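Report on the following structure.
Number of protein chains: 4
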Amino acid sequence: MRESSPDKQEAILETALTLFTERGFAGTPTSLISKEAGVATGTLFFYFKTKEELIDTLYRRVKGEAAKEMGRGIDKEKSAKAKLRRLGRNAAGWGMKNPAKLKFMEQFAHSPFVSTSAHEEGMSHFLFLEDLVRQGIHDGEIRNVEPSGIFCLMASALSGMIAHALSTDDRKERERIIEDGLDFIWFGMKA
Amino acid sequence: MRESSPDKQEAILETALTLFTERGFAGTPTSLISKEAGVATGTLFFYFKTKEELIDTLYRRVKGEAAKEMGRGIDKEKSAKAKLRRLGRNAAGWGMKNPAKLKFMEQFAHSPFVSTSAHEEGMSHFLFLEDLVRQGIHDGEIRNVEPSGIFCLMASALSGMIAHALSTDDRKERERIIEDGLDFIWFGMKA
Amino acid sequence: MRESSPDKQEAILETALTLFTERGFAGTPTSLISKEAGVATGTLFFYFKTKEELIDTLYRRVKGEAAKEMGRGIDKEKSAKAKLRRLGRNAAGWGMKNPAKLKFMEQFAHSPFVSTSAHEEGMSHFLFLEDLVRQGIHDGEIRNVEPSGIFCLMASALSGMIAHALSTDDRKERERIIEDGLDFIWFGMKA
Amino acid sequence: MRESSPDKQEAILETALTLFTERGFAGTPTSLISKEAGVATGTLFFYFKTKEELIDTLYRRVKGEAAKEMGRGIDKEKSAKAKLRRLGRNAAGWGMKNPAKLKFMEQFAHSPFVSTSAHEEGMSHFLFLEDLVRQGIHDGEIRNVEPSGIFCLMASALSGMIAHALSTDDRKERERIIEDGLDFIWFGMKA
DNA sequence: GATGAATGAGGCTTCATTCAT
DNA sequence: GATGAATGAAGCCTCATTCAT
């Protein structure tokens, strides 16, 4: 009865991610999460005081992980164009490899279930992207318009692009969608 | 209390829209909707067999209205560029005038609460947009890439742009955001 | 399934009184109350927002009823002595006839489950008793000491007396206990 | 945090007393007791097999201590009157010095949480009081009525008196309440 | 058409208790 | 002796839905 799993908390988070993605937040009882995770009801509440805290934790984690993946190797690139392209490919790559996490973020990006503070923390991970745009403008590569606007447009276009890419299973097709999408984004902002 | 709705059904729909936007589907009991709408609990279920039917009806309505508004006056324009610009301005204008409805659509675009059929019907209203892109490509105004991809990019960028525009109260600022956004979208796709 | 009982609320209150007396507040689940009262779980919460509100309502009712019974016919008596004796007999009579209510009051008089406001309202019903003592002092029938002190002593002695009387089933014995108790109280305060 | 208890068991008992008084039995989780006492959850259950055993132990202790304090120096007094007065002063003194313990006893004297056996043991400590009354009757100092009745009246009046005395912070006032109360009790029973 | 009291399945959370370390 | 992660039964309460009036 007393098991040796070193990481019940991890099991809960992982299970919750999948279930939330499949059934939504309200459609996923905590009892189902614990059952699927192979722990007792009480265990979930030992690690997360409330269901909301579990959601929040998950949201912060996934958003943080996504941001980290997106930034990978950016510094090695010289021009804003190259940096953005790398970033876009990173994002697409992460989304392709983690469709559940992507769906989770999409689903809850606008959800009132996610606390405001989690949303803010989530956003903060992507601030470096705005700096990148700012630098591009300064260097004359990007059109001189409000950086936060470009950031929004880029972020939403990127997200739409990845969702679209995920709708096909064909690798070639996906790559084409991504390259076309990155072109769209770059032409949209370049000086 | 709700003097502008002679019709109870209308009062329910209107109230539900506001409440869903503020509190989400799961956070809005039908009892609260009927109370705020000034009708009895039973009345809501006379007009809508289930809560989900109410949600679906609302979703279809709002999506349909948005699509109708976006298409207004498009035929008068000649070039794809002009058509798209008009369409973008319509969308932005509608969003500015109906922030609650916009928020509703944003929040529930990915929600499992909305039935698949409602989602599909919602999407169908925007198919004319894809035709528009197709025509633009044929006329050489738009780059020759998969139209559905452009459609996705445009739609998500538009939505991000409007959300960003709504974050400020300054009319001038809003207009600037919208014009910059429409430029971004156009440059992104033009041949 | 839909019954015609005109007074489910009353059934709930009555059942709750008995069960609380037998099992205490914490030992009585709301589910048991509704089951024994022959109503659905939800019905209890339709009439009482929370379990605590049910307790409070019950406490106020019982205390109010007790106070009313105690005051019955007091005005007809002339002297303080006669008034107090009548009051004491009323109290004892009520306690004998309503042992469950008495036990309920005893049990929860000091309980943190009963809200402060309910306790205060409960006490307020007995203020007339303090006035009675004050008048007795003024008329020289009762020793001139702080009336609130006498009130406390009298109230607690009365309550102890009734509890003691209830411990026997013999009517004669009970009457003796009551008369002896009323003597005790009167000699304790008379001038 | 709790530096005065070298013994964990003692710390648990002390903490439990305070918490039970403030929040009632049902409102005080064992986890809170152990946390406040600075021990692990498991430790509490090493010393007390169940929560009820902890409650019982506490109840027996407090009741025993109270009885012991009340009886202090009684033998030195000659007359029943003097013995009772001494006993009353002892009781009042103990109550003033141990308001938490007093409140604990008041609150749980009628509680179904306390086992029957603990209640009986608690009562047994006060049997000497009944003997004292019996002796007073035999010596002609106390009215010849059923001793157990007098015992009940005296006990409840005493308890009401102490509660009342505790409601003021003024030392003079308190002493007056106690002396008046002891008069009340004595006049109530004297021959 | 309209009402709102009534239903009861089911959700979230608490907490006494256990036991491997 | 002591710890605290883990358990799971059980409690309070919500809320979509029904139906007699």
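Taken in order, these protein sequences are the chains called D, S, G and R. Start counting the first sequence at 11; every next residue gets the next number (this note's numbering). Start counting the second sequence at 11; every next residue gets the next number (this note's numbering). Start counting the third sequence at 11; every next residue gets the next number (this note's numbering). Start counting the fourth sequence at 11; every next residue gets the next number (this note's numbering). C-beta: ideal position from N, C-alpha, C; glycine also. Source: prediction; values computed, not measured.
S166(S) beta carbon less than 7 Å from that of G170(D): yes
Residues sharing a beta bridge with K200(D), DSSP: I152(D)
Ranges of the beta strand (DSSP E) found wholly within the stretch 89-154 of chain R, counting only runs of at least 3: DSSP runs (the beta strand (DSSP E)) wholly in the stretch 89-154 of chain R: none.
When G132(R), G83(R), A110(R), A90(R) are compared against G30(R), the one with the closest alpha-carbon: Going by the sequence as given, residue 30(R) is Phe instead of Gly. Measuring from the Cα of F30(R), the nearest candidate turns out to be A110(R).
Neighbouring residues, chain R, relative to L163(G) (Cβ below 7 Å): A167, G170, M171, G191, F194
Closer than 7 Å to chain R by CB, V49(G): V49(G) does not count as touching chain R.
Neighbour-count burial assignment, F123(G), 16 or more Cβ in a 10 Å radius: buried
Cβ neighbours of D200(R) in the same chain (closer than 8 Å, five flanking residues each side left out): Before going on, a small fix: residue 200(R) reads as Lys here, not Asp. Excluding residues within five positions, the ones whose Cβ falls inside 8 Å are K91, E151, I152, R153.
Member of K78(S), I195(S), F114(S) whose CA lies at the smallest distance from the CA of L137(S): K78(S)
Selected residue, minimal CA-CA separation from Y57(G), among G81(G), K73(G), D17(G): D17(G)
Range of the contiguous alpha helix (DSSP H) that encloses E75(R): 61-81
C-alpha gap between G103(D) and G103(S), whole angstroms: 35 Å
Chain S within 7 Å of G146(D), Cβ atoms only: With respect to chain S, the C-beta atom of G146(D) has no partner C-beta closer than 7 Å.
7 Å Cβ cut-off: residues of chain R touching S125(G): Under the 7 Å cutoff, chain R gives no residues; its nearest Cβ is about 13 Å from S125(G).
Distance between G98(R) and F197(R) (C-alpha atoms, nearest Å): 14 Å
Span separating the alpha-carbon of E183(G) from that of A173(G): Computed Cα separation, rounded: 13 Å.
Contacts around I65(S), its chain only, beta-carbon distance under 7 Å, and the 5 residues preceding and following it disregarded: Cβ contact annotation for I65(S) (same chain, cutoff 7 Å, sequence separation greater than five): F35, F123, V124, in chain order.
Cβ pair A47(S), T25(S) closer than 7 Å: yes
Residue-level contact to chain D via CB, F55(S), 7 Å cutoff: At a cut-off of 7 Å between beta-carbon atoms, F55(S) makes no contact with chain D.
Chain-ordered neighbours of R33(S) on chain D, where CB pairs are closer than 7 Å: P122
Nearest neighbour of E189(G), chosen from H135(G), G146(G), S158(G), A101(G) [CA to CA]: Minimum Cα distance to E189(G) is reached at A101(G).
Straight-line Cα distance separating P39(S) from G81(G): Between G81(G) and P39(S), the C-alpha separation is close to 48 Å.
T28(G) - DSSP class collapsed to helix/strand/coil: helix
Three-state secondary structure (DSSP) of M11(R): Any answer about M11(R) is weak, because its pLDDT of 39 lies below 50 and its placement is not dependable; what the coordinates show is given next. Looking at M11(R) - three-state DSSP - the assignment turns out to be coil, as it is neither helix nor strand.
Chain G contact for V143(R) (CB, 7 Å cutoff): no
Reference Q145(G); option with closest CA among L192(G), S158(G), A119(G), K73(G): S158(G)
Residues, ordered as in the chain, of the stretch 64-85 of chain G that lie near chain R by beta-carbon distance below 9 Å: For the stretch 64-85 of chain G, which is checked against every Cβ of chain R, not one residue is closer than 9 Å.
Closest by C-alpha distance to Q19(S), when choosing among L54(S), R96(S), G37(S): Measuring from the Cα of Q19(S), the nearest candidate turns out to be L54(S).
Whole-number beta carbon distance between G83(D) and R96(D), since they are thought to touch under 8 Å: 6 Å
Straight-line Cα distance separating H135(D) from F114(D): 17 Å
Cutoff 7 Å: A36(S) Cβ touching any chain D Cβ: Closer than 7 Å to some Cβ of chain D, the Cβ of A36(S) qualifies, so yes.
Whole-Å CB distance - F161(G) paired with E140(G), under 8 Å assumed: 5 Å
Closer than 7 Å to chain D by CB, V136(S): In the sequence under discussion, the amino acid at residue 136(S) is Phe, which differs from the Val named in the question. Taking CB atoms only, F136(S) has no neighbour in chain D less than 7 Å away.
Alpha carbon of V155(G) to alpha carbon of D149(G), nearest angstrom: 13 Å
Best match in Q117(R), E131(R), L142(R), V143(R) for proximity to L27(R) [C-alpha to C-alpha]: The shortest C-alpha separation from L27(R) is found at Q117(R).
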